[in-house]
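Peer 1: Remember, the numbering used here sits 247 above the position in the sequence shown when you count from 1.
Submitted below is the structure of interest, expressed as structure tokens.
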Amino acid sequence: MGFDIFQLLTHEKMIFLAILSCGLYTGYTDFRYGKIANIYTLILIGFGVMSQALFVTTGEITWVHSCIILFGGLGISFALFYAGIWAAGDAKLFWGISLLMPPGAFSRITGTQFYPLVLIVNIFVMLLIYVALKSIFKIPLRQQRALISESFMTHLKQFPRRILRMLSYIGVGGLAFYIPSRLDVELDLAVQLASFVMIILVFSKVIERYIPEKHKIAFHIIFGPLAIFFVIRSLIDLGSLIFFIFLISLFLLIFGSFVRSLFTKTTPIKNLKPSMIPAERIVRIQEQQGTDKYVKIPANFANPAQDNIVVDVSSEGLTHDQIARLHQLNAKGCLHGSENGLLIQEKIPFAFMIVIGALVNFLTKGMIHSFFQSVELSQIIESVRLFFA
């Protein structure tokens, strides 16, 4: 019998209500105070582990499948936290919810047991919708066109270098297709694409954080041929690859410009508060005269030595000690180029995205696109009415 959110067993109804109530409350605390209390995420993780044990004992999933969900969800959470995309609270919230989700909530997904990645796809779609809606209401159409044009023209001169970098990203991301094929594991195309994007994000963050600028080109040259290897293995012609690279590059440039415009603002040094997330670094540079100079560098620039970093880009935000040091340096006039303040990234409500993505998962029984394929809005409204009747 297929899973229906509105004809739930007692345990599954408790799961739905737990995700809805605890998830929305943690989303509110995250949005309002900039943090999620550990007690709530730990409760979700604890109940999630017990739910996995129950699913195994009732025969809904095998213990191998449960281990895939357990460690797969943990791996995704850690990867997005390590890449600086999620804060620790967001990562633990996702892991707890991915453990709680009943197998029936993925009844329309065939050929994969990696349910956490299905959940990630729905969450990413929610993020795209959020960014699109915010851009519509916050940025005038004329400014949107200017952003697109400026972004494209700015990076046009660097396009050959970006092509090489994108080739290396495709080469590394291609592991999402190559490894399952070698292991004879069938995964949905959407899940493979989600894995592809996630591997690229983590790979790019590792290079940005740990590889000096002068050595980055060498890494791209090393990993670039992997893309050609995967293309040959998949029998995709070179023209399709170039077209794909162009589209991905264009999308990332435009999307990055929108995100920077929507979610960053300059805040005076005196107005900085704990938990604010920097969108640029402040580093100490020792000049030949032996004096120290403090400058701002973009977040996507070469990562300096850790000892020289005064403020780094981190999802955890500024600390009291960092703010106090910035006040001292600013009072001494040492912050060159920081007279107008520090570029701060506004809080993106990832906790709400995670919760809404999970609820969408319940409604669609899998990927969000299945909602438009097989479920009418009138059926959903009627089911909601019967559920609360």
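Even for Gly, the Cβ is constructed at its ideal location relative to N, Cα and C.
At which residues does the alpha helix (DSSP H) containing T304 begin and terminate?
Peer 2: T304 -> alpha helix (DSSP H) spans N285 to T304.
Peer 1: Would the beta-carbon of I308 fall within 7 Å of that of P349?
Peer 2: Cβ distance not < 7 Å, so I308 and P349 don't count as in contact.
Peer 1: Along the chain, where does the alpha helix (DSSP H) containing T611 start, and where does it finish?
Peer 2: Segment F597 to T611, the alpha helix (DSSP H) holding T611.
Peer 1: Distance check for V602 and M373, CA to CA, integer angstroms please.
Peer 2: Roughly 10 Å between the two C-alpha positions.
Peer 1: Evaluate Q439 with the Cβ neighbour count: other Cβ atoms within 10 Å of its Cβ, from every protein chain shown; 16 or more gives buried, anything less gives exposed.
Peer 2: Flag for Q439 reads buried.
Peer 1: Which residues does DSSP list as the beta-bridge partners of P525?
Peer 2: Bridge partners of P525: I591.
Peer 1: Name the DSSP beta bridge partners of K540, please?
Peer 2: Answer is I532, bridged to K540.
Peer 1: Please classify K520: is it buried, with 16 or more other beta-carbons within 10 angstroms of its beta-carbon, or exposed?
Peer 2: Flag for K520 reads exposed.
Peer 1: Buried or exposed: H567, going by 16 or more other Cβ atoms within 10 Å of its Cβ?
Peer 2: With fewer than 16 other Cβ atoms within 10 Å, it is exposed.
Peer 1: Rank L414, S442, L346 and K381 by C-alpha distance to the C-alpha of I426 and give the top, closest one.
Peer 2: Measuring from the Cα of I426, the nearest candidate turns out to be S442.
Peer 1: In terms of DSSP beta bridges, what is V558 paired with?
Peer 2: V558 pairs with I529.
Peer 1: Rounded to the nearest angstrom, what separates I266 and A284 at their Cα positions?
Peer 2: Answer to the nearest angstrom: the Cα atoms are 15 Å apart.
Peer 1: Report yes if the C-beta distance between T514 and Q592 is below 7 Å; otherwise report no.
Peer 2: Going by C-beta atoms, T514 is not nearer than 7 Å to Q592.
Peer 1: Using the beta-carbon count (16 or more within 10 Å), is H467 buried or exposed?
Peer 2: It counts as buried.
Peer 1: From which residue to which residue does the beta strand (DSSP E) around K512 run?
Peer 2: Where K512 is concerned, the enclosing beta strand (DSSP E) stretches over T511 to T514.
Peer 1: Give me the Cβ distance between G270 and A605, rounded to the nearest whole Å; I'm assuming they're in contact under 8 Å.
Peer 2: Right, the Cβ-Cβ distance comes to about 7 Å (below 8 Å), so this counts as a contact.
Peer 1: Answer with buried or exposed for A334, where buried requires no fewer than 16 other C-beta atoms within 10 angstroms of its C-beta.
Peer 2: The residue is buried, with at least 16 neighbouring Cβ atoms inside 10 Å.
Peer 1: Taking Cβ positions, are S324 and A338 nearer each other than 7 Å?
Peer 2: Taking 7 Å as the Cβ cut-off, S324 and A338 qualify as a contacting pair.
Peer 1: Smallest Cα separation from G274: which of T611, M600, F609 and S382?
Peer 2: Comparing Cα positions, the closest option is M600.
Peer 1: Output the distance between the C-alpha atoms of A393 and Y377, rounded to the nearest integer angstrom.
Peer 2: Distance between the alpha carbons of A393 and Y377 is about 21 Å.
Peer 1: In or out: R389 buried (at least 16 other Cβ within 10 Å) or exposed?
Peer 2: By the neighbour-count rule (16 or more Cβ atoms within 10 Å), R389 is not buried but exposed.
Peer 1: In whole angstroms, what separates the C-alpha of A423 from that of L448?
Peer 2: Their backbone Cα atoms lie some 13 Å apart in a straight line.
Peer 1: When the distance is taken between beta carbons, is D539 closer than 7 Å to R528?
Peer 2: Cβ atoms of R528 and D539: not closer than 7 Å.
Peer 1: What are the partner residues of L380, as DSSP defines its beta bridges?
Peer 2: None; L380 has no bridge partner.
Peer 1: Keeping to the same chain, check which residues put their C-beta closer than 6 Å to that of M523; ignore five residues upstream and five downstream.
Peer 2: Excluding residues within five positions, the ones whose Cβ falls inside 6 Å are G564, L565 and I591.
Peer 1: Could you give the DSSP three-state label for L582: helix, strand or coil?
Peer 2: Strand at L582.
Peer 1: Using 7 Å as the limit for Cβ to Cβ distance, is M261 near chain C?
Peer 2: Absence of chain C from the displayed structure is noted, only one protein chain being present.
Peer 1: Exposed or buried, what is S298 when buried is set at 16 or more other beta-carbons lying within 10 Å of its beta-carbon?
Peer 2: Counting Cβ neighbours within 10 Å, S298 comes out buried, since at least 16 surround it.
Peer 1: Rounded to a whole number of angstroms, what is the C-alpha to C-alpha distance between K517 and D277?
Peer 2: Using only the alpha carbons, I get a separation of about 24 Å.
Peer 1: For L411 versus G471, is the C-beta distance shorter than 7 Å?
Peer 2: Cβ atoms of L411 and G471: closer than 7 Å.
Peer 1: For F361, count neighbouring C-beta atoms within 10 Å of its own C-beta (all shown protein chains included) and say buried if the count is 16 or more, exposed if not.
Peer 2: Label assigned to F361: buried.
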